[in-house]
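A.B. asks: Next up is a structure, given as structure tokens.
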Amino acid sequence: MGSGLAAGGSTVVLDLAPRLSSPWPARLVEQKAGGLAALPPDQPLTRSAVRQACAVDTGTDGSPWHILSDGREWHTQPLALSENPAAWYQLAAIGGWQAVVADTAHPLAHDLLTARCAGETGQTRGWYDLPYAVPVLCAAATAQGVRSLQQAVMVLHAEGLPLQRTVVALIATGDGRLPAAVRAGATMLRSRTAAVVQVPYNLHIRAHSLAAARLRSRARQAAAQLTAAVLAAAHATWCHPLPDAPQPAPIAPAVTAS
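Going by the numbering used here, 229 is the number at position 241 of the sequence shown; the sequence numbering is gapless.
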């Protein structure tokens, strides 16, 4: 998606996943980029500083896009990253990107139910509420993966979140024909969401991370379909072309007692 969106404007992938389960830090290590650790949370940030902290990848059409992750050694203490989606929206605004892919790893249904019991907004609703947000739900293309995804979609519907601008990505875990349960589940999900895209299995991701130039043609085609589905959902919801996104208000500095 980062590669596909970059063809239409400046794009960044924000990596919010735990460092040891994410493919993105390897890209920062290769380019010796400072990553999120180079952005002090208690000091004002500039556009140049934010962009210099990123790694840069190149899409199949030659368009560059940025990656912002925690690229430090695996044994270092994890960064205290904000769980508030609005904070990442503000960071993207400082960086001046036109399109943002937030790679999150929080369990969606659990987050919604926990937020309801606690009387809070929750991360999932926070992401949905951002300007021109099109959530992409990712699940393994297995019988259990589709069942879990169907339950999550039911929770989203019960919470009144807009499934009509929600895209589903079913990720194959091996080569070959998808199980019958997966095909049946995909048919049901297509009637309730904006689109369902099947992403083929790609062994190269394990060895080479998500470098777009190293992906097989089937994977690149699926990425293009996913990007097109996201843009179509956004345009159907807010019109084409999309209006300018509102600029977030600056966060007031914390006041400490002396």
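Each residue gets a CB set at the ideal place from its N, CA and C atoms; glycine is no exception.
#1: What residues match up with cysteine 126 in a beta bridge as DSSP calls it?
#2: Which two residues bound the contiguous beta strand (DSSP E) that contains histidine 54?
#3: Look at the Cβ atom of glycine 83, then the Cβ atom of arginine 39, and state whether they are nearer than 8 Å.
#4: Chain E beta carbons: is any one of them nearer than 8 Å to that of glycine 83?
#5: By alpha-carbon positions, which one of Leu214, Thr215, Gly(-10) and Pro13 ends up nearest to arginine 60?
#6: Using alpha carbons as the reference points, say which of Leu158, Thr175 and His223 lies closest to alanine 210.
#7: Any chance the segment 40 to 55 sits against the segment 92 to 105, with 3 or more Cβ pairs inside 8 Å?
#8: Taking only three categories from DSSP, how would you classify aspartate 91?
#9: Figure out for me which residue from Ser(-2), Gly173 and Gln78 has the closest Cα to the Cα of tryptophan 115.
#10: Taking only runs of the beta strand (DSSP E) that begin and end inside the segment 59 to 111, which ones reach a length of at least 3 residues, in chain order?
#11: Enumerate in chain order the residues of its own chain whose CB-to-CB distance from alanine 169 is below 7 Å, with the five nearest sequence positions on each side excluded.
#12: If you reduce the DSSP assignment to three classes, tell me which class serine 246 lands in.
#13: Taking the alpha helix (DSSP H) that alanine 211 belongs to, which residues open and close that run?
#14: What residue range does the alpha helix (DSSP H) around alanine 278 cover?
#15: Assess contact between the segment 28 to 46 and the segment 116 to 127, defined as three or more Cβ pairs (one per stretch) separated by less than 8 Å. Is contact present?
#16: Just checking my contact of leucine 149 with leucine 69 at CB under 8 Å: how many whole Å lie between their CB atoms?
C.D. replies: Once the coordinates are examined:
#1: Ala157
#2: 52 to 56
#3: yes
#4: Among the chains of the structure shown, chain E does not appear; only one protein chain is present.
#5: The shortest C-alpha to C-alpha distance from arginine 60 to any of Leu214, Thr215, Gly(-10) and Pro13 is the one to Pro13.
#6: Leu158
#7: no
#8: DSSP places aspartate 91 in strand when its eight states are reduced to three.
#9: Gln78
#10: 87 to 91
#11: Ala131 and Val134
#12: Annotation note: pLDDT 49 at serine 246 (below 50); position unreliable, coordinate value reported separately. Looking at serine 246 - three-state DSSP - the assignment turns out to be coil, as it is neither helix nor strand.
#13: 205 to 226
#14: Shown here, the chain extends from -11 to 246; a query on residue 278 therefore has no answer.
#15: Taking one beta carbon from each stretch, the segment 28 to 46 and the segment 116 to 127 have fewer than 3 pairs nearer than 8 Å; the two do not touch.
#16: The pair is not a contact, with the Cβ atoms about 24 Å apart (cut-off 8 Å).
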